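Working notes for the structure below.
2 protein chains.
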Amino acid sequence: MNPTIKDVAKKANVSTATVSRILNGLPGYSEETKKRVLKVIEELGYQPNAVARGLVSRKTKTLGVLLPNVSSLFAAEILNGIEDTAHESDHSVIVCNTDSNGIRTIKYLQVLNEKRVDGIIFTSEVLKKEYYDAMIEMDIPIVLISTASYRYPLPYVKVDDKHAAYSATEFLIMNGHERIAMISGTKDDPIAGVPRVEGYKQALRDYGLMVDEQRITYGIDFGYKTGMMGMEQIINEMHDITAVFAASDEIAIGALSVANKHGWKVPDDISIIGYDNLKVAEMSIPPLTTVAQPLYEMGEIATKMLFKMINTGQTVESRIIPHKIIERQSVKRIEQ
Amino acid sequence: MNPTIKDVAKKANVSTATVSRILNGLPGYSEETKKRVLKVIEELGYQPNAVARGLVSRKTKTLGVLLPNVSSLFAAEILNGIEDTAHESDHSVIVCNTDSNGIRTIKYLQVLNEKRVDGIIFTSEVLKKEYYDAMIEMDIPIVLISTASYRYPLPYVKVDDKHAAYSATEFLIMNGHERIAMISGTKDDPIAGVPRVEGYKQALRDYGLMVDEQRITYGIDFGYKTGMMGMEQIINEMHDITAVFAASDEIAIGALSVANKHGWKVPDDISIIGYDNLKVAEMSIPPLTTVAQPLYEMGEIATKMLFKMINTGQTVESRIIPHKIIERQSVKRIEQ
DNA sequence: GTGAAAGCGCTAACAT
DNA sequence: ATGTTAGCGCTTTCAC
């Protein structure tokens with residue numbers, strides 16, 4: 017059995033109040049008793065019970081993180097940033113793999129509420145009304161990562177998707193490409209879908225190039241398979257394309273595979289630019305040029321925002337994080 | 017303010033005991049009062065406080081998971097299996113990124129103890145004496161994944177590393193290869209290092225092939241860079257090699273990149289077999305032949321073992337999980 | 001500088 | 001079938 021504060025108090029001949037003060041650095045005891053109590057704590061191997069502490073203090077020093085897919089590199093890097101930052105401030109994080117499943121998400125929100133976590137980070141998914149309602153009910157600080165809601169006033173941390181997609185397309189254009197295809201993910205995803213397609217179109221328009229809906233391919237997610245299917249379609253149906261903008265690195269890597277399978281050399285026969293800058297981007301053949309989202313930092317920033325809200329009780333400003341192009345070897349400069 | 021069980025009791029004109037019984041499915045109330053209480057719970061939006069509950073029941077329904085590197089695909093898949101399984105049994109999981117750092121690990125163990133988690137899963141790292149001591153002190157169920165300790169009696173879930181490495185090497189031999197190099201990870205890692213090298217040597221010996229220490233390359237970890245450096249060395253110093261056994265998929269992918277950079281075609285000029293079967297293994301060019309560790313399932317199995325220990329209080333048998341060769345396109349059959 | 005005691009929200013033993 | 005009550009291990013107010 018773990019010793020309790022009472023055991024410590026008894027053995028040190030003080031009250032539990034004094035032990036508590038010493039443990040929490042509050043004033044109200046002499047150096048001498050402090051020394052004595054600390055010695056007893058040491059001897060007993062006493063470790064305070066955080067559950068009891070949480071009950072009275074109404075602070076559990078734990079955060080909840082909701083992710084659609086823990087096993088993706090994307091989520092893993094964000095989670096890493098969150099966990100490191102939480103740890104620095106002595107907080108634990110509970111991971112919740114929502115699987116993009118509505119009822120599972122609601123279930124998690126309920127569990128996090130029952131466990132009285134101090135704050136929640138909600139990642140990479142569209143914020144449905146029912147989620148928002150449940151969150152409001154909980155009345156604790158919440159920060160969004162890589163998603164945003166214009167209907168609901170929750171602070172978020174994300175890159176400007178439209179702008180980032182614009183930059184990627186522009187990069188291709190600056191390298192001499194004029195017939196550029198795009199492999200998008202889910203067609204009507206309001207976060208990673210629509211805005212990226214719009215950024216792509218906008219860039220083409222701004223540089224006086226033709227926007228052709230036929231050059232845009234959609235998939236069922238932002239994964240490898242979507243990239244493979246998109247590239248198949250491009251190779252089979254679009255014969256004059258010189259470059260493709262992939263809406264994610266996984267898509268880009270799927271595209272790379274298919275290009276390779278068909279004997280197309282990247283970047284000599286076709287250029288590809290990705291989106292995200294996952295670790296795999298530098299491990300691909302050839303290393304992938306991509307527009308980077310600083311995932312780890314986004315997790316870090318969101319967590320710091322959350323702490324600010326937790327500690328001050330105030331709301332905090334959303335943050336648009338700058339993206340940047342990471343130039344590697346999947347895009348070729350071509351001369352007109 | 018969240019309503020408490022008292023609020024519910026008062027509004028429903030019953031005692032808190034009755035509410036508690038209804039909440040926990042214990043006998044002792046009429047259908048009618050149950051209906052009435054449930055209605056009040058609904059109206060008030062009451063959610064039981066798991067912290068208070070945990071204090072009295074001494075069960076927090078949360079598990080702690082220690083991982084050396086959350087952002088690796090390897091860890092992410094194990095974590096995924098753990099989280100899913102825990103969720104099925106209504107438990108939460110706290111992730112702890114140890115960063116392979118001793119003092120950080122001890123710190124986490126302490127936090128998990130203070131938070132009174134019901135069990136711990138310790139992953140992919142050598143179990144030091146100080147960790148073990150801290151664990152014993154906590155006196156809660158613990159399961160190891162992808163690591164084991166012969167000195168300490170903790171149940172584990174892992175593949176037989178030596179055997180798996182043997183299988184990989186044997187696979188190469190069966191495909192006609194006789195001069196096989198190996199890119200290992202950390203030289204004296206007792207789990208993923210030494211046994212895999214031994215399995216490799218054993219296979220060569222068993223098939224009457226020469227074991228040459230010069231054909232083994234060591235790195236600083238089991239990552240991409242190690243693979244790159246190893247392959248550089250193989251290309252520069254070992255001219256008659258026809259196949260290489262990489263001690264991890266990341267190593268294999270690093271090797272793939274370097275081979276490609278030097279204009280060596282895989283598998284035509286050199287064959288490569290990996291280890292792990294991460295998701296990236298099928299995304300590489302060419303898709304990687306590898307010996308699979310069922311990571312997700314290992315997380316699942318370990319979690320179930322943990323629950324068994326938690327629920328029965330009994331110890332449980334360690335599990336050696338079968339590995340298997342996943343044949344893709346990075347190994348060529350050669351004729352003598 | 002220190003202690004007594006109430007209370008956080010719940011469960012469980014014991015009454016009735 | 002239902003209520004009373006004593007804790008679980010801690011923090012915190014109020015006394016001294």
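Note that the protein sequences, when read in sequence, are chains A and B. Using this note's numbering, the letters of the first sequence map in sequence onto residues 17 to 352. Using this note's numbering, the letters of the second sequence map in sequence onto residues 17 to 352. Glycine included, each C-beta is placed from N, C-alpha and C at the ideal position. None of the values given here were measured: they were computed from a predicted structure.
Please state whether the Cβ-Cβ distance between residue i and residue j is less than 7 Å.
i: A:N113; j: A:M154; result: no
i: B:I354; j: B:T233; result: Here chain B comprises residues numbered 17 to 352, so residue 354 of chain B is not present and cannot be evaluated.
i: B:T202; j: B:D265; result: no
i: B:H107; j: B:K77; result: yes
i: A:I196; j: A:M314; result: no
i: A:N96; j: B:S116; result: no
i: B:I402; j: B:A318; result: The question about residue 402 of chain B has no answer here: the residues shown for chain B are numbered 17 through 352.
i: A:N85; j: A:A91; result: yes
i: B:I350; j: B:P157; result: no
i: B:H193; j: B:A259; result: yes
i: B:Y45; j: B:R52; result: no
i: A:M393; j: A:G270; result: Here chain A comprises residues numbered 17 to 352, so residue 393 of chain A is not present and cannot be evaluated.
i: A:V159; j: A:M321; result: yes
i: A:E316; j: A:T101; result: yes
Excluding the 5 residues preceding and the 5 following residue i in the sequence, name in chain order all residues of the same chain whose CB lies nearer than 8 Å to its CB.
i: A:V282; result: L272, A275, N276, I288, P302, S346
i: A:Q63; result: N18
i: A:R132; result: G70, R74, T76
i: B:I122; result: E146, Y147, A150
i: A:I251; result: V274, A275, H278, W280
i: A:L188; result: I196, A259, F261, S287, I289, V347
i: A:H179; result: G215, H339
i: B:E248; result: V274
i: B:L83; result: A91, I94, L95, V111, C112, N113, T114, T139, S140
i: B:E285; result: According to the sequence displayed, residue 285 of chain B carries Asp and not Glu. So the list reads A275, once near-sequence residues are dropped.
i: B:D23; result: L60, Y62
Grab the span of the alpha helix (DSSP H) containing residue i for me, first residue to last.
i: A:N113; result: Unbroken run through A:N113 is the beta strand (DSSP E), 108-113; no alpha helix (DSSP H).
i: B:K277; result: 265-277
i: A:I317; result: 311-328
i: B:I119; result: 118-130
i: B:I21; result: 21-28
i: A:I251; result: 240-253
i: A:V56; result: 47-60
i: A:I342; result: No alpha helix (DSSP H) contains A:I342, which is instead part of the beta strand (DSSP E) from 340-342.
i: A:T32; result: 32-40
i: B:L296; result: The question names Leu, but residue 296 of chain B in the sequence shown is Val. First-last of the alpha helix (DSSP H) with B:V296: 296-299.
Spatial neighbours of residue i within its chain, please: C-beta separation below 6 Å, excluding the five flanking residues on both sides.
i: A:A181; result: R212, G215, Y216
i: A:S334; result: P171, Y172
i: A:N293; result: T306, A308, I342
i: A:L304; result: A268, G290, A297, R344, S346
i: A:K340; result: A308
i: B:G239; result: E266
i: B:L225; result: E194
i: B:L125; result: A150
Assuming residue i is part of the beta strand (DSSP E), what are its boundary residues?
i: B:K174; result: 172-175
i: B:R335; result: 335-337
i: B:T305; result: 305-308
i: B:T233; result: 232-235
i: A:Y291; result: 287-292
i: B:T331; result: That residue, B:T331, is in no beta strand (DSSP E); it is neither H nor E in DSSP.
i: B:V260; result: 259-262
i: B:I137; result: 135-139
With a threshold of 7 Å on Cβ separation, who are the neighbours of residue i within its own chain once the five nearest residues in sequence on each side are excluded?
i: A:S105; result: F323
i: A:P310; result: I337
i: B:A219; result: Y182, T185, E186, I189
i: B:V332; result: P171, M321, K324, M325
key: Complete beta strand (DSSP E) runs within the segment 71-103 of chain A (minimum length 3 residues, chain order)   = Those beta strand (DSSP E) runs which fall completely within the segment 71-103 of chain A and span 3+ residues are 78-83.
key: Contacting positions in the segment 240-266 of chain A - beta carbon closer than 7 Å to chain B   = Y240
query = Counting only runs that start and end within the segment 153-210 of chain B, where is the beta strand (DSSP E) found for 3 or more residues in a row?
reply = With a minimum length of 3 residues, the continuous beta strand (DSSP E) runs that stay inside the segment 153-210 of chain B are 158-161, 172-175, 196-202.
query = In chain order, what residues of the segment 120-147 of chain A put their CB closer than 7 Å to some CB of chain B?
reply = The segment 120-147 of chain A vs chain B, Cβ under 7 Å: Q126, V127, N129, E130, K131, R132.
ask   = Taking any Cβ of chain A, which residues in the segment 53-84 of chain B have a Cβ under 9 Å from it, in chain order?
value = G61, Q63, P64, N65, A66, V67, A68, R69, G70, L71, R74, T76, K77, T78, G80, V81
task = Please name the residues in the segment 95-114 of chain B whose beta-carbon is closer than 9 Å to at least one beta-carbon of chain A, in chain order.
result = Taken in chain order, the members of the segment 95-114 of chain B whose beta-carbon sits within less than 9 Å of a beta-carbon on chain A are L95, N96, G97, E99, D100, H103, D106, S108, V109, I110, V111, C112, N113.
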